[in-house]
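Undergrad: Just dropping this structure here.
Protein chains: 2
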Amino acid sequence: MARRGDQLREHILWTAKDVFLEMGYERTSMDVVAARAETSKRSLYAHFESKERLFGDVVGLVRELNLGHLRTPAAYGADPAEAVVRFCGRFLQMQLWDSALRTLRIGIAEAERLPEAAAAYHEAIFETPQRRLADYLVEQYGLDEESGHEIARRLIGRAVYPQLIRSLLGVDAPLAGRPDETTLADDVDLESLRAAVAALLPPAVGHAK
Amino acid sequence: MARRGDQLREHILWTAKDVFLEMGYERTSMDVVAARAETSKRSLYAHFESKERLFGDVVGLVRELNLGHLRTPAAYGADPAEAVVRFCGRFLQMQLWDSALRTLRIGIAEAERLPEAAAAYHEAIFETPQRRLADYLVEQYGLDEESGHEIARRLIGRAVYPQLIRSLLGVDAPLAGRPDETTLADDVDLESLRAAVAALLPPAVGHAK
DNA sequence: GGAGAAGTAAACTCTACCGTACCGTTTACT
DNA sequence: AGTAAACGGTACGGTAGAGTTTACTTCTCC
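Which chain is which? The protein sequence lines are A and B, in order. Anchor point for the first sequence: position 16 equals 18 in our numbering, and the numbering is continuous, going up by one each time. Anchor point for the second sequence: position 185 equals 187 in our numbering, and the numbering is continuous, going up by one each time.
In structure tokens:
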């Protein structure tokens with residue numbers, strides 16, 4: 003109560019995000035969204051013209067949210083190899099985070115019905131971070147564009163995808179709670195990441211040796 | 003018409019598989035299943051006691067089907083390196099096949115509601131083939147168990163997962179039709195697979211050196 | 001303080017779908 | 001041929017959910 007206008011709209015949107023992530027698109031009912039937002043369906047439909055449009059806006063919100071949790075590799079340390087390791091670890095952790103996992107599940111489930119939203123999500127969640135990593139590699143290791151991208155692709159492929167598939171299918175449990183922007187959970191195996199980085203990258207070029 | 007007993011049951015099951023893969027669990031209606039199978043709901047419920055049970059049986063069927071399409075690496079040629087390449091190619095192709103992709107989408111979407119089915123699917127679709135590959139590597143290259151598994155993991159990780167995620171999110175189109183058990187589609191990039199194999203495996207040990 | 005915009009609450013329409021019941025017909029088996 | 005089980009078609013009960021409508025209240029701004 004006391005929420006009006008854009009403030010109410012925003013409140014509904016965030017509530018809808020929770021419900022959609024919890025239930026999936028089909029099982030989410032507009033009555034439940036209204037009830038959870040402690041508002042009325044009348045107001046709900048005043049701000050969002052349909053369930054599908056509401057879902058579209060939620061997808062946009064979630065995309066921004068998840069993207070905001072990953073910085074550029076440079077933010078994770080001065081030593082390039084270690085920065086890459088921590089960046090990959092954060093990337094993986096971001097994906098295994100409960101809420102992101104649910105989002106991805108729903109995105110995959112609805113990929114056929116909402117192809118543009120799914121493609122945009124893929125761009126935001128996988129390609130953009132990978133590009134950031136590639137740029138960092140080019141800059142720090144003096145690689146050419148192509149091999150920078152190739153190595154970034156392999157690092158991500160090795161650090162993220164196998165574990166991600168396992169979690170998507172529920173073989174491994176997701177990470178609970180809401181990780182902040184820098185912490186690395188114990189679940190992330192940094193040692194194997196270091197091994198991957200050591201195997202794929204020269205032992206640092208910019209500064210020493 | 004003229005289908006009775008187990009034959010009708012089987013027919014309904016296969017029809018239900020098509021409908022579930024096309025629509026997903028929630029959007030599939032029992033009326034449509036009955037209509038598509040050219041039978042009545044009466045008969046449908048005579049053979050399957052509920053929608054959920056029918057879906058469970060469909061999951062089992064699909065698991066068998068998809069697994070049947072992948073042989074052991076030895077079936078793909080006498081030269082170990084090339085056999086591994088073709089095995090990985092087939093593995094990827096199997097996953098990108100339209101029907102398998104839809105199955106995986108639904109499995110991921112329902113992973114939370116049906117955890118044991120999703121885990122069994124992961125086992126059948128990813129772990130079993132990977133284990134077959136690892137066994138083959140151990141046998142052909144004289145590797146110890148652990149490095150055999152590790153290399154198999156990396157090969158699969160590099161050959162399958164990134165492309166799979168793209169297709170799951172609809173960024174790339176799935177392969178149409180129903181591939182037979184040996185053909186390799188043109189969509190599968192064998193060259194990059196050969197490069198990966200060359201990088202990860204010694205140039206054959208068993209025979210020539 | 002009053003008009004109008006914005007919000008609440010609850011009933012309502014309409015459609016879809018799960019599961020069941022009825023009834024007439026076909027098939028398999030003796 | 002005759003019988004019982006299995007099948008097709010259709011209609012129905014009950015529930016649920018997307019949007020809409022109506023009637024009433026509260027907030028905001030002049």
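Where is the CB? At the ideal position from N, CA and C, for every residue including glycine. Note that this is a predicted model, so its numbers are computed, not measured.
Could you tell me which residues DSSP pairs with W16(B) in its beta bridges?
TA: The partner list for W16(B) (beta bridge, DSSP) is empty, contrary to what the question assumes.
Undergrad: Please work out which residues of its chain come closer than 8 Å, Cβ to Cβ, to R168(A), disregarding the five sequence neighbours upstream and downstream, and give them in chain order.
TA: Cβ within range, chain order: D174.
Undergrad: Is the separation between the beta-carbon of L69(B) and that of I127(B) shorter than 9 Å?
TA: Cβ atoms of L69(B) and I127(B): closer than 9 Å.
Undergrad: Evaluate A102(B) with the Cβ neighbour count: other Cβ atoms within 10 Å of its Cβ, from every protein chain shown; 16 or more gives buried, anything less gives exposed.
TA: The residue is buried, with at least 16 neighbouring Cβ atoms inside 10 Å.
Undergrad: Counting along the chain, where does the alpha helix (DSSP H) carrying F93(B) start and finish?
TA: Note, F93(B): alpha helix (DSSP H), P82 to L98.
Undergrad: In angstroms with no decimal places, state the Cα-to-Cα distance between G150(B) and G79(A).
TA: G150(B) and G79(A): Cα-Cα distance of roughly 34 Å.
Undergrad: So what's L177(A) in DSSP terms, helix, strand or just coil?
TA: DSSP places L177(A) in strand when its eight states are reduced to three.
Undergrad: Nearest chain B C-beta to H71(A) closer than 9 Å, yes or no?
TA: Closer than 9 Å: no.
Undergrad: List the residues of chain A whose Cβ lies closer than 8 Å to the Cβ of P164(B), in chain order.
TA: Chain A residues near P164(B): R155, I158, G159 and Y163.
Undergrad: Within this structure, are the beta carbons of L195(A) and G91(A) separated by less than 9 Å?
TA: For L195(A) and G91(A), yes; Cβs fall inside 9 Å.
Undergrad: Terminal residues of the continuous alpha helix (DSSP H) containing A119(B)?
TA: It spans P117 to H124 - the alpha helix (DSSP H) in which A119(B) sits, taken as one unbroken run.
Undergrad: At a Cβ threshold of 9 Å, is H124(B) touching chain A?
TA: At least one chain A Cβ lies under 9 Å of H124(B).
Undergrad: Exposed or buried, what is A119(B) when buried is set at 16 or more other beta-carbons lying within 10 Å of its beta-carbon?
TA: Answer is buried; the Cβ neighbour count reaches 16.
Undergrad: Could you check if P204(A) is buried or exposed, using at least 16 other CB atoms within 10 Å of its CB as the buried criterion?
TA: With fewer than 16 other Cβ atoms within 10 Å, it is exposed.
Undergrad: Taking Cβ to Cβ, would you say G109(A) is nearer than 9 Å to L72(B)?
TA: Not a contact, by the Cβ cut-off of 9 Å.
Undergrad: Can you tell me which of the three DSSP states R65(A) falls into?
TA: If DSSP states are grouped into helix, strand and coil, R65(A) belongs with the helices.
Undergrad: If we define contact as Cβ-Cβ less than 9 Å, is G109(A) a contact residue for chain B?
TA: True, the Cβ-Cβ gap to chain B drops below 9 Å.
Undergrad: Is P131(A) close to chain B? Criterion is C-beta to C-beta, closer than 9 Å.
TA: With 9 Å as the cut-off, P131(A) does not count as an interface residue toward chain B.
Undergrad: L166(A) and L1(A) - do their beta-carbons sit closer together than 9 Å?
TA: Chain A is shown only over 3 to 211; residue 1(A) falls outside these bounds and no answer can be derived.
Undergrad: Could you give the first and the last residue of the continuous alpha helix (DSSP H) run that contains H151(A)?
TA: Here the alpha helix (DSSP H) through H151(A) covers E147 to A161.
Undergrad: Quick one, which of H124(A), R6(A) and R65(A) has its alpha-carbon nearest T41(A)'s?
TA: Looking at the Cα atoms, R6(A) is the closest of the given residues.
Undergrad: Taking all protein chains shown into account, do 16 or more other C-beta atoms lie within 10 angstroms of the C-beta of P82(B), making it buried, or fewer, making it exposed?
TA: Buried is the call here.
Undergrad: Distance cutoff 9 Å, beta carbons only. Does R168(A) sit that close to anything in chain B?
TA: So, interface residue.
Undergrad: Less than 9 Å between CB atoms is the rule here; does L145(B) satisfy it with respect to chain A?
TA: Not closer than 9 Å to any Cβ of chain A, the Cβ of L145(B) fails to qualify, so no.
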